[in-house]
Every structure is written in structure tokens, then in C-alpha cells.
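Asks: Quick one: structure below, then a few questions.
Numbering (UniProt numbering), first residue to last: 1 to 277.
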């Protein structure tokens, strides 16, 4: 199942039409629309609303290990490197209120731009430019991400934003929001179709020999515990996409690392290699 959280009805409407979603009246407090593959949640606007709505609905559903969660909505761009209509997969999400940041696993190949998102409890305009740390701004992403992380693993959660403006939302109408989402739907669906076919939680994916080789590379790179779990996910993804992990293993099997800093550099290099393949 693909779970999509949208804050606004205007963001949700094109998705409901495109995917032919039907209203689910079993949950009364929030608007839920679904078909056999997709469940769409309209959370309402704001960090707290996003978090509460996501938690309330997901706690009443049966979440599986292969399910995917997406927060899809519009955002403002701080810099001109992003144009109106750009689809951005967020690599870092920060809660402006408490400074807490989240880092989704960027395991899966995509054709979107990447950027950092900062979520505020209030609207943001150009007068606040110097205070903004993210490349993009919204009012829900961090709250929705933190709530979703109670039910999903990191690699299952995706924050996808569509640029609607450059910190000037005066001309942003519900119709314009819907049009931006409608224009992006096909590309997002393409990515979701590819993503959902990757079974990254298959625990029997590696042979005994491959497990031993992975363990050797991990020791060589001096990975931390959190990096260990990311590395295993990288390898699973690579094996499922390419049927083999030999190319990565051979490259790093006998590598000698002087310190943890050098290990992190090589770890990031592996991540980039895998995503490009």
C-alpha cells in the first residue's frame, strides 16, 4: 500500500481524480480516499495538524513492511535554483520550532531535484530570508515526517514537494495549487511504480558468502551502528536492482581506512554509486 498525506484539499483533489480514489467513511475525523493500492489522507494545514492527522489515521491502519509513505504538497523556494513546478525529493527536513532535523534514506534512484526542507508554524515571506536555513519551506513536512516515523522505517518515508512560489504566496490560489500537483502527477507515479516493486525488506536476499563479504567491508569502513543499517539497505537495494553486489564488494573488500572520517567519505561514495546505477 502507498500512503499519501496531503495537507490541503487542493493538493489532494488531482490525486483523487487521477488515481480514481473513493471516500472511505470508516474514519470519520479525517477525509480518507483510497483504492486497492493507495490511501490518501488530508491532514489539514500546519505542523501540529499534519502530525496529529497522520498519527490518528495511521494508528488505525495495518501498516506493512513493504508499504510506502509519501507527504506530497506544495512549498516555497528560498533560492532561484528551484523553479515553480519543480518536483523536489527532500533529503533533510527540519522543524523550525525545535531545531530537530530528520534525514530520510535517499536509497532509490529518481529524476527529481533534491533539497532541504524547513517547516514553520507560521507562513514565511521574503522578509525572513536571513532566518531560513532550508532551501525550501512549508508548514507540515517535519510534523508529518516525525509522525510517520512512528509507523514506518526511514527508507519507507518520502517527503516530496512541488515548488509553488519564491516566498511570495499572495497569488497562490487553490486552483493554482491543484494545477501544480496535476502537472507533477505523472512523474511522481512513474517513480512510485518503480519504487513499490523493490522489496528491500527481503531478509533472505544474501547468500552466506555475501553476508560474510558485507561484514568484512563494514569492518574495513569502520561503520557506526546507524551507518551499518543504512549500508545493509544500500546492499539490499543494489542486489535487487542488479542481481549482484560483487562490483561494490570487490572495490572495498581490501580497502584500508585510517580513521572514521575516511570511512564516512567512502560510505557516502558507495551511496552515490548505488543510486546512480
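Every residue, glycine too, gets a C-beta built ideally from N, C-alpha and C. Remember, predicted model here, so these are calculated numbers, not experimental data.
Rounded to the nearest angstrom, what separates residue 89 and residue 125 at their Cα positions?
Replies: Indexing the chain shown from 1 puts residue 89 at position 89. Indexing the chain shown from 1 puts residue 125 at position 125. Spanning the two alpha carbons is a distance of roughly 22 Å.
Asks: Helix, strand or coil, according to DSSP, for residue 103 in the structure here?
Replies: Counted from its first residue, the chain shown places residue 103 at position 103. Residue 103: coil per DSSP, three-state reduction.
Asks: Round the Cβ separation of residue 78 and residue 117 to the nearest angstrom and send it over; I've been treating them as touching at under 8 Å.
Replies: What you label residue 78 is simply residue 78 of the chain shown in a count that begins at 1. What you label residue 117 is simply residue 117 of the chain shown in a count that begins at 1. The pair is not a contact, with the Cβ atoms about 10 Å apart (cut-off 8 Å).
Asks: Give me whichever residues DSSP pairs with residue 119 in a beta bridge.
Replies: Position 119 of the chain shown, counted from the start, is the residue given in the question as residue 119. Bridge partners of residue 119: 95, 138.
Asks: Could you spell out where the beta strand (DSSP E) holding residue 164 opens and where it closes?
Replies: Within the chain shown, numbered from 1, the residue matching residue 164 stands at position 164. Element bounds for residue 164: 157-165.
Asks: Whole-angstrom Cβ separation of residue 35 and residue 22, contact assumed at under 8 Å?
Replies: Taking the first residue of the chain shown as position 1, residue 35 is located at position 35. Taking the first residue of the chain shown as position 1, residue 22 is located at position 22. The pair is a contact, with the Cβ atoms about 7 Å apart (cut-off 8 Å).
Asks: Applying the 10 Å Cβ sphere with the 16-neighbour rule, what's the burial state of residue 267?
Replies: Residue numbering aside, residue 267 sits at position 267 when the chain shown is read from its first letter. Buried, by the Cβ-count rule.
Asks: Go through the stretch 16-101 residue by residue and report every complete run of the beta strand (DSSP E) that reaches 3 residues or more, in order.
Replies: Runs of the beta strand (DSSP E) inside the stretch 16-101: 31-34, 38-42, 68-77, 87-95.
Asks: Around the C-beta of residue 186, are 16 or more other C-beta atoms found within 10 angstroms, so that it is buried, or is it exposed?
Replies: Taking the first residue of the chain shown as 1, we reach residue 186 at position 186. Its Cβ having fewer than 16 others within 10 Å, residue 186 is exposed.
Asks: Have a look at the DSSP bridge pairing and note the partners of residue 113.
Replies: Here the question's residue 113 lines up with position 113 in the chain shown. Answer is 88.
Asks: Is residue 237 helix, strand or coil by DSSP?
Replies: Working through the chain shown from its first residue, we reach residue 237 at position 237. Reduced to three states, the DSSP call for residue 237 is helix.
Asks: Select from 64, 235, 65, 74 the residue whose C-alpha is nearest the C-alpha of residue 45.
Replies: In the chain shown, residue 45 corresponds to position 45, counting from 1. Of the candidates 64, 235, 65, 74, the one whose C-alpha sits nearest the C-alpha of residue 45 is 74.
Asks: Under the three-state reduction of DSSP, which class applies to residue 188: helix, strand or coil?
Replies: What you label residue 188 is simply residue 188 of the chain shown in a count that begins at 1. The answer is helix: DSSP assigns residue 188 an H, G or I state.
Asks: Does DSSP put residue 298 in a helix, in a strand, or in coil?
Replies: One cannot answer for residue 298 here, as it falls past the ends of the chain, which runs 1 to 277.
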